[in-house]
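*Asks:*
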Amino acid sequence: MVKNGHVTTIRQVTYRPRSAADVAVEVLSFSTLRARYDGRPQRADFHVLAFVRRGQGEVSMDFASYALGPRSVAWIRPGVVHRWTDIERLAGELVLFVPTAPVTPTSQALVADLGAAGCWPVEAPAWRHLMAALGHLRLESGQAAVRELPALLLSALVLRLDPPAAGPQAVDETFRRFRAAVEQDFRSRHDVGHYARTLGWSARTLSRSCRAATGRTAKEFVAERLVLEAKRLLVHDGLSPARCGERLGFPDPSNFSAFFLHGTGHRPGAWQTANR
Numbered sequence: 003m004v005k006n007g008h009v010t011t012i013r014q015v016t017y018r019p020r021s022a023a024d025v026a027v028e029v030l031s032f033s034t035l036r037a038r039y040d041g042r043p044q045r046a047d048f049h050v051l052a053f054v055r056r057g058q059g060e061v062s063m064d065f066a067s068y069a070l071g072p073r074s075v076a077w078i079r080p081g082v083v084h085r086w087t088d089i090e091r092l093a094g095e096l097v098l099f100v101p102t103a104p105v106t107p108t109s110q111a112l113v114a115d116l117g118a119a120g121c122w123p124v125e126a127p128a129w130r131h132l133m134a135a136l137g138h139l140r141l142e143s144g145q146a147a148v149r150e151l152p153a154l155l156l157s158a159l160v161l162r163l164d165p166p167a168a169g170p171q172a173v174d175e176t177f178r179r180f181r182a183a184v185e186q187d188f189r190s191r192h193d194v195g196h197y198a199r200t201l202g203w204s205a206r207t208l209s210r211s212c213r214a215a216t217g218r219t220a221k222e223f224v225a226e227r228l229v230l231e232a233k234r235l236l237v238h239d240g241l242s243p244a245r246c247g248e249r250l251g252f253p254d255p256s257n258f259s260a261f262f263l264h265g266t267g268h269r270p271g272a273w274q275t276a277n278r
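Here you go:
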């Protein structure tokens, strides 16, 4: 990312538990975040849940900006480049946790769901339940006599979130496995046939399941994931279009350029310049 002629590096943040015995979940306040945060864009390998009690602010996630206000929740998922702005007056808490921290099947499915909204307001009755769950987690986090308690309380908090869905969300096991396979292989395998063969289903079955969950075909889902990663590499990592295409498994720069143009309406070089 370039601003005013200077390179703004992305800060890579890795979760480090205080000890080997700690559950990988931590609760901190916005005042603690302000003391730690240097203003740079960040990419973390863990989840960040932000609960705003009072004040106004903003957070950007990848290429979208979200307003933060009273009774709002922001969910920043691993790998998402994000930046906090104008958070001096925010009061509330943040919960940091690794993807494997929740322990119930439904909470694990919610954590794996990449289609949930990044930021949303919460009605007062639901907010009271969230704050009760958050209070229990804050009380036990880092000092629980029973090690399983923070993980269970985190799972309860996640189950209380009820984030808006980004699509129809008729999520079944077929789509969950397809989504996980895409996340693992999309940099080198762009064809739906590869995922169908790997998972043992037909391409038609994958597309039917994907359309029910996201409103898009399996081919469109893979392409959308590639476009997002290309945008991250072009702007946040500063790769040239040629290097970006190479990193994402395209056989030559012109092939990548045509793909990016079809997905965004812009050539990769022009999009990169406009978004620096």
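Residue numbers (our numbering): 3 to 278.
Even for Gly, the Cβ is constructed at its ideal location relative to N, Cα and C.
What you are looking at is a predicted structure, and each value in this text was computed from that prediction instead of being measured.
Rounded to a whole number of angstroms, what is the C-alpha to C-alpha distance between GLU185 and LEU201?
*Replies:* Walking along the sequence shown from the start, residue 185 turns up at place 183. Walking along the sequence shown from the start, residue 201 turns up at place 199. Taking the straight line from one Cα to the other gives about 14 angstroms.
*Asks:* Taking the straight line between their C-alpha atoms, what separation do you get for GLY217 and ALA244?
*Replies:* What you label residue 217 is simply residue 215 of the sequence shown in a count that begins at 1. What you label residue 244 is simply residue 242 of the sequence shown in a count that begins at 1. Those two C-alpha atoms are separated by around 31 angstroms.
*Asks:* Within its chain, find whatever has a CB closer than 7 angstroms to the CB of HIS138; leave out the 5 residues flanking it on each side and keep chain order.
*Replies:* Working through the sequence shown from its first residue, we reach residue 138 at position 136. Cβ neighbours of HIS138 beyond the five flanking positions: LEU155.
*Asks:* What residue range does the alpha helix (DSSP H) around ARG178 cover?
*Replies:* By one-based count along the sequence shown, residue 178 stands at place 176. Run containing ARG178: 175 to 187, per the alpha helix (DSSP H) assignment.
*Asks:* Tell whether a beta-carbon distance below 7 angstroms holds between GLY59 and LEU92.
*Replies:* For the purposes of this step, residue 59 is identified with residue 57 of the sequence shown, where counting begins at 1. For the purposes of this step, residue 92 is identified with residue 90 of the sequence shown, where counting begins at 1. The answer is yes: Cβ separation under 7 angstroms.
*Asks:* Give me the Cα-Cα distance between ARG210 and LEU228, rounded to the nearest whole angstrom.
*Replies:* Against the sequence shown, residue 210 aligns to sequence position 208. Against the sequence shown, residue 228 aligns to sequence position 226. ARG210 and LEU228: Cα-Cα distance of roughly 20 angstroms.
*Asks:* State buried or exposed for GLN274, treating a residue as buried only when at least 16 other CB atoms are found within 10 Å of its CB.
*Replies:* Against the sequence shown, residue 274 aligns to sequence position 272. Result: buried.
*Asks:* Could you spell out where the alpha helix (DSSP H) holding GLY271 opens and where it closes?
*Replies:* The residue labelled residue 271 in the question sits at position 269 within the sequence shown. Run containing GLY271: 270 to 277, per the alpha helix (DSSP H) assignment.
*Asks:* Grab me the residues of LEU70's own chain with a C-beta within less than 8 angstroms of its C-beta, minus the 5 sequence neighbours each way, in chain order.
*Replies:* For this step, residue 70 is matched to residue 68 along the sequence shown. Around LEU70: ALA52, VAL54, GLY57, GLN58, GLY59, GLU60, VAL61, ALA76, ILE89, LEU92 and CYS121.
*Asks:* Could you tell me the distance, in whole angstroms, from the CA atom of THR219 to the CA atom of PHE252?
*Replies:* As a position in the sequence shown, residue 219 is number 217, starting the count at 1. As a position in the sequence shown, residue 252 is number 250, starting the count at 1. Straight-line Cα distance between these residues: approximately 21 angstroms.
*Asks:* Output yes or no for whether 7 angstroms exceeds the beta carbon distance between GLY94 and PHE32.
*Replies:* As a working note, residue 94 is residue 92 in the sequence shown. As a working note, residue 32 is residue 30 in the sequence shown. Yes; because the gap between Cβ atoms is below 7 angstroms, this pair is in contact.
*Asks:* Do ALA46 and VAL15 count as a contact pair if the criterion is CB distance below 7 angstroms?
*Replies:* What you label residue 15 is simply residue 13 of the sequence shown in a count that begins at 1. What you label residue 46 is simply residue 44 of the sequence shown in a count that begins at 1. It is a contact, given that the beta carbons lie within the stated cut-off.
*Asks:* Which residue's Cα is closest to the Cα of ALA134: PRO101, ARG234 and ARG162?
*Replies:* Walking along the sequence shown from the start, residue 134 turns up at place 132. Of the candidates PRO101, ARG234 and ARG162, the one whose C-alpha sits nearest the C-alpha of ALA134 is ARG162.
*Asks:* With distances taken Cα to Cα, identify the nearest neighbour of GLY81 among ARG38, VAL50 and SER256.
*Replies:* The count along the sequence shown starts at 1 and reaches residue 81 at position 79. Here the closest residue by C-alpha is VAL50.
*Asks:* Identify every residue that forms a DSSP beta bridge with TRP203.
*Replies:* Residue mapping note: residue 203 aligns to position 201 of the sequence shown, counting from 1. Answer is none; TRP203 lacks a bridge partner.
*Asks:* CB of TRP77 to nearest heavy atom of the ligand SAH: below 6 angstroms?
*Replies:* The ligand SAH is absent from the structure shown, which contains no ligand whatsoever.
*Asks:* By DSSP, does ARG85 sit in helix, in strand, or in coil?
*Replies:* Locating residue 85 in the sequence shown gives position 83, counting from the first residue. DSSP places ARG85 in strand when its eight states are reduced to three.
*Asks:* Do ALA198 and SER204 count as a contact pair if the criterion is CB distance below 7 angstroms?
*Replies:* On the sequence shown, position 202 is the one that residue 204 refers to. On the sequence shown, position 196 is the one that residue 198 refers to. Closer than 7 angstroms, so yes.
*Asks:* In this structure, what does DSSP give as the bridge partners for HIS49?
*Replies:* As a first step, residue 49 must be located in the sequence shown, where it is residue number 47. Beta-bridge annotation (DSSP): HIS49 is paired with PHE99.
*Asks:* Which partner residues of PRO166 appear in the DSSP bridge assignment?
*Replies:* Mapped onto the sequence shown, residue 166 falls at position 164. BP columns for PRO166 are empty, so no partner.
*Asks:* Under the three-state reduction of DSSP, which class applies to SER33: helix, strand or coil?
*Replies:* The count along the sequence shown starts at 1 and reaches residue 33 at position 31. Note: SER33 maps to helix in three-state DSSP.
*Asks:* Please report how far the alpha carbon of ASN277 lies from the alpha carbon of SER74, in whole angstroms.
*Replies:* For the purposes of this step, residue 277 is taken as the residue at position 275 of the sequence shown. For the purposes of this step, residue 74 is taken as the residue at position 72 of the sequence shown. If you take the alpha carbons of ASN277 and SER74, they lie about 27 angstroms apart.
*Asks:* DSSP three-state call for LEU139: helix, strand or coil?
*Replies:* Here residue 139 refers to the residue found at position 137 of the sequence shown. Helix.
*Asks:* Mapping DSSP to helix, strand and coil, what is GLY57?
*Replies:* Taking the first residue of the sequence shown as 1, we reach residue 57 at position 55. It is coil, neither helix nor strand.
*Asks:* Residues bridged to GLY94 by DSSP?
*Replies:* As a working mapping, residue 94 is identified with position 92 in the sequence shown. Paired residue(s): VAL54.
*Asks:* Which residue comes first and which comes last in the beta strand (DSSP E) that contains ALA66?
*Replies:* Taking the sequence shown and counting its residues from 1, one reaches residue 66 at position 64. Segment 66 to 70, the beta strand (DSSP E) holding ALA66.
*Asks:* Do CYS246 and LEU236 count as a contact pair if the criterion is CB distance below 7 angstroms?
*Replies:* Translated into the one-based positions of the sequence shown, residue 236 becomes position 234. Translated into the one-based positions of the sequence shown, residue 246 becomes position 244. Their beta carbons are under 7 angstroms apart, which means LEU236 touches CYS246 by this criterion.
*Asks:* What are the residues that DSSP puts in a beta bridge with PRO123?
*Replies:* Here residue 123 refers to the residue found at position 121 when the sequence shown is read from its first residue. Partner(s): SER74.
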